[in-house]
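Just remember that the numbering used here sits 7 ahead of the position in the sequence shown, which is counted from 1.
Even glycine gets a Cβ: it sits at the ideal position worked out from N, Cα and C.
These figures come from a predicted structure and were not determined experimentally.
Worksheet: the structure to be examined is printed underneath.
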Amino acid sequence: MKTPVGLVTVALAVATLLAATFLIATGTRGQAPAFGSSAGELEVRTVARGLANPWAIAFLPDGTMLVTERPGRMRIVTSEGQVSPPLKGVPEVWASGQGGLLDVAADKAFAQNRTIYFCFAERADGGGRTALARAKLDSGNSGLDEVKIIFRQQGPLSSGNHYGCRIAQAEDGNLFVTLGDHFAYRDKAQSLDNHLGKVIRIAPDGSVPAGNPFAGRADAKPEIWSFGHRNPQSLAIHPASGELWEIEHGPRGGDEVNLIGKGKNYGWPVIGYGIDYSGAKIHDATAKDGMEQPLKYWVPSIAPSGMAFYTGKLFPKWDGSLFTGALRGAMLVRLTLNGNAVTSEERMLQNLNERIRDVRQGPDGALWLLTDSSNGRVLRVAPAAK
Numbered sequence: 008m009k010t011p012v013g014l015v016t017v018a019l020a021v022a023t024l025l026a027a028t029f030l031i032a033t034g035t036r037g038q039a040p041a042f043g044s045s046a047g048e049l050e051v052r053t054v055a056r057g058l059a060n061p062w063a064i065a066f067l068p069d070g071t072m073l074v075t076e077r078p079g080r081m082r083i084v085t086s087e088g089q090v091s092p093p094l095k096g097v098p099e100v101w102a103s104g105q106g107g108l109l110d111v112a113a114d115k116a117f118a119q120n121r122t123i124y125f126c127f128a129e130r131a132d133g134g135g136r137t138a139l140a141r142a143k144l145d146s147g148n149s150g151l152d153e154v155k156i157i158f159r160q161q162g163p164l165s166s167g168n169h170y171g172c173r174i175a176q177a178e179d180g181n182l183f184v185t186l187g188d189h190f191a192y193r194d195k196a197q198s199l200d201n202h203l204g205k206v207i208r209i210a211p212d213g214s215v216p217a218g219n220p221f222a223g224r225a226d227a228k229p230e231i232w233s234f235g236h237r238n239p240q241s242l243a244i245h246p247a248s249g250e251l252w253e254i255e256h257g258p259r260g261g262d263e264v265n266l267i268g269k270g271k272n273y274g275w276p277v278i279g280y281g282i283d284y285s286g287a288k289i290h291d292a293t294a295k296d297g298m299e300q301p302l303k304y305w306v307p308s309i310a311p312s313g314m315a316f317y318t319g320k321l322f323p324k325w326d327g328s329l330f331t332g333a334l335r336g337a338m339l340v341r342l343t344l345n346g347n348a349v350t351s352e353e354r355m356l357q358n359l360n361e362r363i364r365d366v367r368q369g370p371d372g373a374l375w376l377l378t379d380s381s382n383g384r385v386l387r388v389a390p391a392a393k
C-alpha cells in the first residue's frame with residue numbers, strides 16, 4: 008500500500024524539527040555551535056540540562072558545582088554533566104513569584120570545614136523574606152548537616168518579588184548579602200530601621216562584625232553596610248582591589264553597576280534613570296548630594312543577574328573584564344574596565360535566546376552559565392576547538 012504524500016510530508020517535517028532541536032539544544036555530543044566574540048569564536052557546550060529554574064552556581068575545590076533550583080532543590084553537578092539527586096536537608100523555601108532557593112556560596116575554607124552558605128525566600132506570616140543559612144555538606148555529598156539560619160531580613164514582607172539574595176565572602180571571612188526592596192515597599196530602601204533595599208555585612212555565624220557603619224545606632228539595623236538599593240541580584244569582590252561590586256535591577260530602565268562603599272546611599276527610589284512600569288515618574292532627579300552615582304546604567308533595562316570578574320587563562324584578551332548575565336536581554340554581557348571606570352560593553356550569545364541567570368569563572372578558566380527556564384541548562388563557554 009502506498010503511503011499518502013501528506014503523511015510523508017508531515018513525517019519529514021517532524022523529523023527535521025526534532026533533528027534541529029537536538030542540534031540546538033545538545034552540546035555534550037558532536038560539534039557544538041560556535042558564537043562570535045571579540046576573543047574569537049566561542050563554543051557553548053551544554054554540560055547538564057533538565058534543571059528547574061536554576062539560580063546559582065558555586066564551584067567546590069574538586070571542580071564539581073553546587074547548583075540551586077528555585078523551587079527548592081540543591082544538586083551537585085560534575086564537569087562531565089552528572090547531576091546528583093536533590094541534597095537532603097535543604098529547608099523549606101517559599102517558591103512563589105521570584106522567590107525560592109536562590110544563591111549559594113562555598114566557604115573560603117571549604118576544603119577544611121565543608122561549610123556552605125545559601126539564601127532563600129522564607130515564608131513568614133503570609134508573605135516572604137530573605138533568609139541566609141549556613142550548613143555543612145556531608146562527606147558523601149548527599150545532604151546538608153548542621154543547617155542553621157544565621158540571618159532573617161526584617162521589614163514589611165514580600166508578596167513574591169524583589170528578594171535580592173546574592174552572597175560574597177570577603178578575605179576576612181565576613182559575608183556580604185544583597186537584599187531587595189520587596190517591590191511594594193521601595194521607600195523603605197531609604198530607611199535604616201529595616202533590611203529592605205540593603206547590602207548587609209555579617210560574620211559567618213550571623214553576628215555583626217566590628218566596623219559596620221550603623222552598629223550602635225538605635226534607629227538602624229546593625230547589619231546594614233549600604234542602602235538605597237532596589238533589587239540587587241549580582242555581587243562580587245574585585246579580585247585585584249578587594250572592593251565590593253554590585254549590579255541591580257532598575258524598573259523600566261536604570262539597571263545599575265555600583266561600587267559599594269561602607270555606609271553609602273545608592274539613591275533608590277529618590278534618584279535613578281528609569282521610570283515605573285506604568286510609565287509614571289519615580290525619581291526626584293538623576294543625581295542628588297549624598298547619593299552615589301552608578302559606574303554604569305542601562306536604559307532600556309537588560310535585567311542583569313549574576314556576575315563574575317574574569318582572571319582566567321582561556322581568554323587572555325578578557326583579563327580583568329566584568330561579566331553579567333541578562334534575563335530580559337537574554338545574553339551574556341562583558342564590560343571592559345579601566346580601574347573603576349566602565350569603558351565599553353560587548354553583548355554575546357544573543358542567538359541562544361536564553362535568559363542567563365548566573366555566570367561564574369570555572370577552575371578550568373571557562374565561563375560557566377545557568378539558563379533560567381523550567382528546563383534550565385548548565386553551559387560551558389570556551390574558545391572554539393579548545
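Take I174 as the anchor and find which of S233, V206, P258 has the nearest alpha-carbon. Counting from 1 along the sequence shown, the entry for residue 174 is found at position 167. Closest option to I174, Cα to Cα, is V206.
Using a 10 Å radius around the Cβ and a threshold of 16 neighbouring Cβ atoms, would you call T350 buried or exposed? What you label residue 350 is simply residue 343 of the sequence shown in a count that begins at 1. T350 is exposed by the Cβ-count criterion.
Boundaries (first-last residue) of the alpha helix (DSSP H) holding Q197: Counting from 1 along the sequence shown, the entry for residue 197 is found at position 190. Run containing Q197: none; DSSP gives neither H nor E here.
Q176, DSSP secondary structure in three states: As a first step, residue 176 must be located in the sequence shown, where it is residue number 169. In the displayed model, Q176 falls within a strand according to three-state DSSP.
Run through DSSP, which three-state label would W101 get? On the sequence shown, position 94 is the one that residue 101 refers to. If DSSP states are grouped into helix, strand and coil, W101 belongs with coil.
Best match in P276, N358, D145 for proximity to A294 [C-alpha to C-alpha]: The residue labelled residue 294 in the question sits at position 287 within the sequence shown. Comparing Cα positions, the closest option is P276.
Within the chosen definition, does the stretch 327-337 reach the stretch 276-285 through at least 3 CB pairs nearer than 8 Å? no
Within a Cβ cutoff of 7 Å, which residues of the same chain sit near H245, ignoring the five residues on either side of it in sequence? Walking along the sequence shown from the start, residue 245 turns up at place 238. Answer for H245: W252, F316, listed in chain order.
Here's the rule: buried if 16 or more other CB atoms are within 10 angstroms of the residue's CB, otherwise exposed. What is G147? Locating residue 147 in the sequence shown gives position 140, counting from the first residue. The residue in question, G147, is exposed, as its Cβ has fewer than 16 Cβ neighbours within 10 Å.
From F117 to D291, what distance separates their C-alpha atoms? Counting from 1 along the sequence shown, the entry for residue 117 is found at position 110. Counting from 1 along the sequence shown, the entry for residue 291 is found at position 284. Roughly 46 Å separates the two Cα atoms.
Taking one C-beta from the stretch 129-140 and one from the stretch 84-91 each time, how about it: are there three or more such pairs within less than 8 Å? no
Among all the DSSP beta bridges, which residues are the ones paired with R384? Counting from 1 along the sequence shown, the entry for residue 384 is found at position 377. Its beta-bridge partners do not exist; DSSP assigns none.
What's the gap between the Cα of P239 and the Cα of R367? Along the sequence shown, one-based indexing puts residue 239 at 232. Along the sequence shown, one-based indexing puts residue 367 at 360. Cα to Cα, P239 sits roughly 17 Å from R367.
By DSSP, does N238 sit in helix, in strand, or in coil? Translated into the one-based positions of the sequence shown, residue 238 becomes position 231. Residue state, collapsed to three classes: strand.
Below 8 Å on the Cβ atoms is my contact criterion, and I expect K155 with T122 to pass it. Report the Cβ-Cβ distance as a whole number of Å. Counted from its first residue, the sequence shown places residue 155 at position 148. Counted from its first residue, the sequence shown places residue 122 at position 115. The pair is not a contact, with the Cβ atoms about 11 Å apart (cut-off 8 Å).
Give, in chain order, every unbroken run of the beta strand (DSSP E) that is at least 3 residues long and sits entirely within the stretch 92-176. 108-113, 122-131, 134-144, 151-159, 171-176
With the cut-off set at 7 Å, would you say G313 and D365 are in Cβ contact? As a position in the sequence shown, residue 313 is number 306, starting the count at 1. As a position in the sequence shown, residue 365 is number 358, starting the count at 1. Yes, the Cβ-Cβ distance between G313 and D365 is below 7 Å.
Name the DSSP bridge partner or partners of E352? The sequence position of residue 352 within the sequence shown is 345, counting from 1. Per DSSP, the beta bridge partners of E352 are L342.
Within the continuous beta strand (DSSP E) that includes N265, where are the two ends? Taking the first residue of the sequence shown as 1, we reach residue 265 at position 258. N265 -> beta strand (DSSP E) spans 262-267.
Could you check what DSSP says for W275 in three-state terms: helix, strand or coil? Translated into the one-based positions of the sequence shown, residue 275 becomes position 268. Three-state DSSP puts W275 in coil, outside helix and strand.
Taking the alpha-carbon positions, what's the K271 to E361 distance? As a first step, residue 271 must be located in the sequence shown, where it is residue number 264. As a first step, residue 361 must be located in the sequence shown, where it is residue number 354. Spanning the two alpha carbons is a distance of roughly 35 Å.
Measuring CB to CB, does H202 end up less than 7 Å from L186? Here residue 202 refers to the residue found at position 195 when the sequence shown is read from its first residue. Here residue 186 refers to the residue found at position 179 when the sequence shown is read from its first residue. Yes, the Cβ-Cβ distance between H202 and L186 is below 7 Å.
Would you identify the three-state DSSP class for P323, choosing helix, strand or coil? Within the sequence shown, the letter at position 316 stands for residue 323. Helix at P323.
With H, G and I counted as helix, E and B as strand and the rest as coil, what does DSSP make of Q300? The residue labelled residue 300 in the question sits at position 293 within the sequence shown. If DSSP states are grouped into helix, strand and coil, Q300 belongs with coil.
I'd like the list of long-range same chain contacts for T378, defined as Cβ closer than 6 Å, with 5 residues on each side in sequence excluded. Walking along the sequence shown from the start, residue 378 turns up at place 371. Excluding residues within five positions, the ones whose Cβ falls inside 6 Å are E361, R384.
Apart from the five residues on each side of it in sequence, which residues of its chain come closer than 6 Å, Cβ to Cβ, to G70? Residue numbering aside, residue 70 sits at position 63 when the sequence shown is read from its first letter. Within the same chain, and ignoring the five residues on either side of G70 in sequence, the residues whose Cβ sits closer than 6 Å to its Cβ are S86, P370.
If you draw a straight line from the C-alpha of I363 to the C-alpha of D179, how long is it? In the sequence shown, the residue the question calls residue 363 occupies position 356. In the sequence shown, the residue the question calls residue 179 occupies position 172. Distance between I363 and D179, taken at the CA atoms: about 30 Å.
Flag this pair as touching only if the stretch 220-235 and the stretch 321-329 have three or more C-beta atom pairs under 8 Å; answer yes or no. Taking a cut-off of 8 Å for Cβ pairs, the stretch 220-235 and the stretch 321-329 do not touch, as fewer than three such pairs fall below it.
C-alpha distance - R36 paired with Q89, whole-angstrom precision: As a first step, residue 36 is located in the sequence shown; it is residue number 29 there, counting from the start. As a first step, residue 89 is located in the sequence shown; it is residue number 82 there, counting from the start. Unreliable placement is indicated for R36, whose pLDDT of 41 sits below 50; no coordinate value is reported for it.
Round the Cβ separation of G107 and P68 to the nearest angstrom and send it over; I've been treating them as touching at under 8 Å. Here residue 107 is taken as the residue at index 100 of the sequence shown, counted from 1. Here residue 68 is taken as the residue at index 61 of the sequence shown, counted from 1. That belief does not hold up - the Cβ atoms of G107 and P68 are roughly 27 Å apart, past 8 Å.
Beta strand (DSSP E) containing G57: first to last residue? Locating residue 57 in the sequence shown gives position 50, where the first residue counts as 1. That run of the beta strand (DSSP E) goes 49-58.
Which residues bound the beta strand (DSSP E) around R82? The count along the sequence shown starts at 1 and reaches residue 82 at position 75. Run containing R82: 80-84, per the beta strand (DSSP E) assignment.
Leaving out five residues on either side along the sequence, give the residues of the same chain with a beta carbon under 7 Å from the beta carbon of S381. Residue numbering aside, residue 381 sits at position 374 when the sequence shown is read from its first letter. Here the set comprises A59, N60.
For the beta strand (DSSP E) containing M206, name the first residue and the last one. What you label residue 206 is simply residue 199 of the sequence shown in a count that begins at 1. Residue identity differs from the one stated: residue 206 is Val in this sequence, not Met. Residues 205-209.
Using a Cβ-Cβ cutoff of less than 7 Å, which residues in the same chain neighbour G57 once the five nearest sequence positions on both sides are dropped? Along the sequence shown, read from residue 1 onward, the residue named residue 57 stands at position 50. Around G57: N382.
Rounding to the nearest angstrom, what Cα-Cα distance links M298 and Y273 in this structure? For the purposes of this step, residue 298 is taken as residue 291 along the sequence shown, with counting starting at 1. For the purposes of this step, residue 273 is taken as residue 266 along the sequence shown, with counting starting at 1. Their backbone Cα atoms lie some 5 Å apart in a straight line.
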